[in-house]
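In our numbering, the protein residues as written are 29 to 324.
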């Protein structure tokens, strides 16, 4: 009987977050097995499914990792990765900023604090995962080997672009300053070429300037590293690496906290792999001290 039910479910995997939540709730009410207990637990915590791993979800829910995989198949997915991608795509569907702000209206301070804490923990758990660690290592190697690294982020994402470029340029002369003036993005990227890397940072609603930067980078033969919230981001087409930022949280704009940690991790990996990094940073600090930039 159970195998027939699993087969039936596989023909109709939940198509959206509401359907997934309903399927989880129904599965959770169906018995007292580990799978049922896990489904009931996940129905109230969809962000854990979107950004957790098999082991982390199993540990939190108090079930075996095998139960997590079995649940994914019972709900109609090929495996856990397919279920997680479906949940992530549903959760990260863009909402208008006004809609996000309206969702905060009238909420209790402690409620917002608690949700922010849960979201921040889930975002960091997703960032500090084994697959992300491997991807950050690949990115560090690619940036170190690049002839030039062009960093583009506008509006709220300019903070991430600036931090990557400012700290990176202390140790790595191939990193270019992020364009900030009107027309500067086109000017910067039009000089890119094979052997260069363009790090493009944006999330929904995707900035037109970053999309244009991606078009130019592809045309010039530069590799693209897309830091974004979806593999379907318009500037991520053909990217060498697409880094999916976990950005959940009850804020007006998607959270950039994990994005800042990502930048710090990339820079730390680059320094760890570069014998010249510490000497260059020492020389940078000495120059600024000599010219009075620091007071302490």
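A virtual CB, placed ideally from N, CA and C, is assigned to each residue, including glycine. A quick note: this is a predicted structure, and the numbers were derived from the prediction, not measured.
- Taken atom to atom, the span from the alpha-carbon of residue 240 to that of residue 61 is near 52 Å.
- Per the coordinates, the alpha-carbon of residue 147 lies some 23 Å from the alpha-carbon of residue 186.
- By alpha-carbon distance to residue 306, the top candidate from 195, 184 and 138 is 195.
- The straight-line gap separating the alpha-carbon atoms of residue 237 and residue 315 is approximately 34 Å.
- Taking 3 residues as the shortest admissible run, the region 187 to 217 contains no complete beta strand (DSSP E) segment at all.
- It is roughly 19 Å from the alpha-carbon of residue 280 to the alpha-carbon of residue 181.
- Here residue 204 is not near residue 233, since their CB atoms are 8 Å or more apart.
- Residue burial is scored here from C-beta neighbours: residue 319 has fewer than 16 other C-beta atoms within 10 angstroms and is therefore classed as exposed.
- Short of 8 Å from the beta carbon of residue 301, and not among the five residues preceding or following it, lie these beta carbons of its own chain, in chain order: 168, 169 and 172.
- Taking each of 200, 244, 174 and 155 in turn and checking the Cα distance to residue 212, the smallest one comes out for 244.
- Counting only runs of 4+ residues, the alpha helix (DSSP H) found wholly inside the region 46 to 82 occupies 62 to 71 and 74 to 79, in chain order.
- Per DSSP, residue 270 lies in no alpha helix (DSSP H) segment; the continuous beta strand (DSSP E) that holds it begins and ends at 269 to 272.
- The Cβ neighbour count for residue 312, taken over all protein chains shown within 10 Å, is under 16; the residue is labelled exposed.
- Nearest to residue 86 by C-alpha distance, out of 102, 108, 152 and 103, is 108.
- Cα atoms of residue 78 and residue 200: separation of roughly 35 Å, rounded to the nearest angstrom.
- Counting along the chain, residue 255 sits inside the beta strand (DSSP E) bounded by residues 251 to 256.
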